[in-house]
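Trainee: The sequence shown: position 85 = 85 (UniProt numbering), numbered continuously.
Note that beta-carbon positions come from the ideal geometry of N, C-alpha and C, so glycine has one too.
Quick caveat: nothing in here was measured; it's all calculated off a predicted structure.
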Amino acid sequence: MINDRETLDLQPLALPPGAPAVDWQVSDALVPYPDAVAAMEARAAAIAEGEAPELVWLLEHPPLYTSGTSGKPGDLLDPRFPIFASGRGGQITYHGPGQRVAYVMLDLKRRRPDVRAYVAALEQWIIGTLAHFNVRGERREDRVGVWVARPDKGAGFEDKIAAIGVRLRRWVSFHGIAINVEPELAHFSSIVPCGVTDPRYGVTSLVDLGLPVTMEDVDVALRQAFEDTFGPVA
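1) Assuming the contact rule is C-beta atoms closer than 8 Å, residue 271 and residue 218 should be a hit. Round their C-beta distance to whole Å, please.
2) Around the C-beta of residue 205, are 16 or more other C-beta atoms found within 10 angstroms, so that it is buried, or is it exposed?
3) Considering only residues of the stretch 7-56, which uninterrupted beta strand (DSSP E) runs meet the minimum length of 3 residues and lie entirely inside it, listed in chain order?
4) Alpha carbon to alpha carbon, how far is residue 2 from residue 117?
5) Among all the DSSP beta bridges, which residues are the ones paired with residue 174?
6) Starting from residue 91, follow the beta strand (DSSP E) in both directions and report where the run begins and ends.
7) Go to residue 128, then tell me how far its alpha helix (DSSP H) extends in each direction, as first and last residue.
8) Residue 94 and residue 191 look like a contact to me (Cβ under 8 Å); what is the Cβ gap, rounded to whole Å?
9) On the criterion of 16 or more Cβ atoms from any shown chain inside 10 Å, does residue 220 qualify as buried, or is it exposed?
10) Could you tell me which residues DSSP pairs with residue 180 in its beta bridges?
11) Specify the secondary structure class of residue 153 as computed by DSSP and reduced to three states.
12) Is the stretch 97-117 close to the stretch 132-140, with three or more CB pairs under 8 Å?
Shown next as structure tokens:
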């Protein structure tokens with residue numbers, strides 16, 4: 001499906017040659033959600049003040065649910081894990097081991113102060129990452145995130161493989177994306193993921209698609225695809 005987000009010129013989201021590279025940080029241990037939010041907010045504030053470089057932070061969370069600014073209480077079907085109210089856009093989603101979360105703190109005032117272009121660039125980053133594994137990720141105008149067609153399940157069936165939720169403060173972004181590498185997919189059954197109720201639309205992961213990739217494999221692909229869209233990383 002082609003939509004107007006694919007026609008956006010993403011090139012201005014890259015900084016000009018010679019600009020400082022984006023810091024790239026990977027956490028090996030599971031990071032509690034409140035700790036991650038506090039760290040993001042502090043870093044975003046420092047970036048806005050010109051006191052710190054931009055940052056991409058890759059991590060995994062312990063099992064939990066977050067509810068964005070459009071979240072509905074009825075979308076939590078079984079409170080089996082802690083739920084956190086989140087300032088990001090979107091509805092309720094699951095995070096847990098086996099899911100690569102990338103928190104993205106970029107100065108869009110310097111890059112391009114355009115929320116639509118930024119979200120489209122995040123989508124393109126995910127699509128480029130999935131392409132490293134010969135997975136065709138696609139945008140959907142009426143559904144947030146990145147989707148893969150599942151003709152093996154039936155005509156019109158699609159599964160979500162990556163979520164997007166962003167927040168901006170003083171034109172510095174935080175929160176970001178989450179790609180399902182090998183999470184426990186049954187944990188998504190306790191929520192209505194991102195408010196999508198159509199039974200044709202489910203949730204999948206790279207391993208569920210038959211790709212035995214590691215988190216390290218995904219991190220390499222994320223880094224390469226990020227540079228293609230946003231520019232160099234340190």
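Mentor: Here's the rundown:
1) Since the first residue of the chain shown is 1 and the last is 234, residue 271 is not available in this structure.
2) Residue 205 is buried by the Cβ-count criterion.
3) Correct list: 23-26.
4) Its pLDDT being 36, under 50, residue 2 is placed unreliably in this model, and the value from its coordinates should be taken loosely. In a straight line, the C-alpha of residue 2 is about 16 Å away from that of residue 117.
5) In DSSP, residue 174 forms a bridge with 167.
6) Boundaries cannot be given for residue 91, as no beta strand (DSSP E) includes it and DSSP labels it neither H nor E.
7) That run of the alpha helix (DSSP H) goes 115-131.
8) With 8 Å as the limit, residue 94 and residue 191 qualify as a contact, their Cβ atoms being about 6 Å apart.
9) Classification of residue 220: exposed, given that the 10 Å Cβ count is below 16.
10) DSSP output for residue 180 lists 99 as bridge partner(s).
11) Secondary structure of residue 153 (DSSP, three-state): coil.
12) Contact fails: fewer than three Cβ-Cβ distances are below 8 Å.
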